[in-house]
Ligand code: AP5
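Here is the structure:
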């Protein structure tokens, strides 16, 4: 495949959970702007210090910063045969820049819109835990870790700073205002597949794989 598969959807819809599996399925890199920015915050780089001003409040990091990050990442050799994008693009300006980058690489775009209700988003975010060592995502109820606070790899689990309820609500508001319009943007370009994200993780994954197989046959 020579495709960029983009995961679009509200915060906590399950984009990361599914995107990692889809990247393993196709053997192409998984690229998450959220993960790249969180690593920079943890390492206290200049980028991290700047990004944290926005992330801690649930706001978007400025377009020029994230567009630059993605441009550098897509230019690496491992993206030659495609990639999985999680959390980018999030604004129309980001979508237009990405279109330009992918056209230059002669790469197709498929957008998977993971559709989940607001109540479910809050439930999923507030009980999320992430491994500080390997990045694996758990949920205290639906996919609990094997041992309290400890990942399968032995790493310690933590709760993201932006997973507090008031920040989750702000992330949802920002999503509706700035990112949800991309659903129309990609529908107009005939590049959007709507995936029901309300089921169990395995059910959502099957829905994604069968939707992707259908477009490959079409
Ligand atoms: P980012 O890290 O991208 O966060 P997000 O889009 O808000 O998405 P999440 O990572 O919160 O959720 P997800 O959909 O991946 O769900 P997950 O699989 O973890 O961005 C963070 C911040 O960085 C932004 O707010 C912004 O400040 C900045 N940023 C990033 N990209 C940017 C950009 N392009 N432009 C500007 N700023 C940017 O699942 C959530 C939970 O639900 C987990 O506990 C999981 O186990 C559970 N779960 C998953 N699937 C299911 C299921 N089917 N059933 C039950 N539980 C499930």
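In the numbering used here, the protein residues as written are 114 to 331.
For each residue, glycine too, the CB sits at the ideal point set by N, CA and C.
Exercise for review: Spell out a yes or no on whether the stretch 257 to 265 and the stretch 224 to 239 are touching, meaning 3 or more CB-CB pairs, one atom from each, closer than 8 Å.
Suggested key: Touching, no.
Review point. So who's on the other strand from residue 276, going by DSSP bridges?
Key: Along the chain shown, read from residue 1 onward, the residue named residue 276 stands at position 163. None; residue 276 has no bridge partner.
Exercise for review: Report the rounded CA-to-CA distance for residue 252 versus residue 155, giving the unit in angstroms.
Suggested key: The count along the chain shown starts at 1 and reaches residue 252 at position 139. The count along the chain shown starts at 1 and reaches residue 155 at position 42. Roughly 22 Å between the two C-alpha positions.
Practice item. Identify which residue in 126, 286 and 211 has its Cα closest to the Cα of residue 230. Key: The count along the chain shown starts at 1 and reaches residue 230 at position 117. It is 126 whose Cα lies nearest to the Cα of residue 230.
Review point. Looking at C-beta atoms only, is the number of pairs between the stretch 118 to 132 and the stretch 176 to 192 that lie closer than 8 Å three or more?
Key: Contact between the stretch 118 to 132 and the stretch 176 to 192 is absent, because fewer than three Cβ pairs lie under 8 Å.
Check your understanding: Less than 8 Å between the CB of residue 151 and some heavy atom of the ligand AP5, yes or no?
Key -> One-based indexing of the chain shown puts residue 151 at position 38. For the ligand AP5, a non-hydrogen atom lies closer than 8 Å to the CB of residue 151.
Review point. Is the distance from the Cβ of residue 196 to the Cβ of residue 144 below 9 Å?
Key: The residue labelled residue 196 in the question sits at position 83 within the chain shown. The residue labelled residue 144 in the question sits at position 31 within the chain shown. The Cβ atoms of residue 196 and residue 144 lie closer than 9 Å to each other.
Review point. From residue 315 to residue 165, what does the alpha carbon distance come to, in whole angstroms?
Key: Taking the first residue of the chain shown as position 1, residue 315 is located at position 202. Taking the first residue of the chain shown as position 1, residue 165 is located at position 52. When rounded, the separation of the alpha-carbon atoms in residue 315 and residue 165 is 33 Å.
Review point. Looking only at its own chain, which residues have a Cβ that is under 6 Å from the Cβ of residue 116, when we skip the five neighbours before and after it?
Key: In the chain shown, counting from the first residue as 1, residue 116 sits at position 3. So the qualifying residues of the chain are 195, 221 and 223.
Review point. Considering only residues of the stretch 229 to 292, which uninterrupted beta strand (DSSP E) runs meet the minimum length of 3 residues and lie entirely inside it, listed in chain order?
Key: Segments of the beta strand (DSSP E) lying fully in the stretch 229 to 292: 241 to 244 and 250 to 252.
Point to revise | Nearest candidate by alpha-carbon position, reference residue 286, set 171, 147, 157 and 120 | key: The sequence position of residue 286 within the chain shown is 173, counting from 1. Residue 286 has its Cα closest to that of 171, out of 171, 147, 157 and 120.
Practice item. Look at the alpha carbon of residue 207 and the alpha carbon of residue 120, and state the distance between them as a whole number of angstroms. Key: Your numbering for residue 207 matches position 94 in the chain shown. Your numbering for residue 120 matches position 7 in the chain shown. Roughly 14 Å separates the two Cα atoms.
Point to revise | residue 291 beta carbon less than 9 Å from that of residue 173 | key: Counting from 1 along the chain shown, the entry for residue 173 is found at position 60. Counting from 1 along the chain shown, the entry for residue 291 is found at position 178. In contact: residue 173 and residue 291 (Cβ atoms closer than 9 Å).
Check your understanding: Nearest CA to the CA of residue 284: which residue from 167, 142, 218 and 159?
Key -> As a working note, residue 284 is residue 171 in the chain shown. Considering only alpha carbons, the answer is 167.
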